[in-house]
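Input: a single structure, listed below in structure tokens.
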Amino acid sequence: MTNQPVVTTLTTVLGQTFRLYVQSHGYHWNVEGPQFRQLHKMFEAQYQNLWGALDEIAERIRVQGAYAPASVADLMSHAAPEADPAHSAAEMVTKAIAEHEAIATTLREAISTVTDAGDDVSAGLLTDRLAWHEKEIWMMRASTR
């Protein structure tokens, strides 16, 4: 039996994760400047982590008895609009921090929703995702000081 609030919540997290994956990958390709190597590697680690998370989240939607979004348009319909492109390394980091903060906010709400629905497994998955995003925010902020 499908638990619609859980499915809706997981689908929103999936859409936002996909958008951040694309953004991080684009930053990896296009970053320039004196911190190139460090930022290139950081964005690569981020997009690789996000790629793996997409599979986990989509499979959790399937466990709920629902179909996961199966097209780019469908995935993007569950995410906030894309930010304007960033061109400098500093702007990329600033925008990445903002995007990780936005998904962290979504994850906190999602954890509450799935916990209220009694879905401890989804709550654990989302809590792990939140911990990763919070650590990325901390590391990116520290790199800007």
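Quick note on this note's numbering: the sequence shown kicks off at 1207 and runs consecutively. All residues carry an ideal CB built from backbone N, CA and C; glycine is no exception. Here the structure is a predicted model, which means the values were calculated and not measured.
- Listed in chain order, the non-local C-beta contacts of residue 1266 below 7 angstroms within the same chain comprise 1216, 1328, 1331, local neighbours out to five positions each way being set aside.
- In this structure, residue 1260 keeps its C-beta atom at 8 angstroms or more from the C-beta atom of residue 1226.
- Counting only residues of its own chain and dropping the five nearest sequence neighbours on each side, residue 1213 has a CB closer than 7 angstroms to the CB of 1267, 1270, 1272.
- Contact annotation: residue 1295 and residue 1237 have beta-carbon atoms nearer than 8 angstroms.
- Using a 10 angstroms sphere on the CB of residue 1312, the tally of other CB atoms reaches 16 or more, which defines it as buried.
- Note on residue 1322: under 16 other CB atoms within 10 angstroms of its CB, so exposed under the neighbour-count rule.
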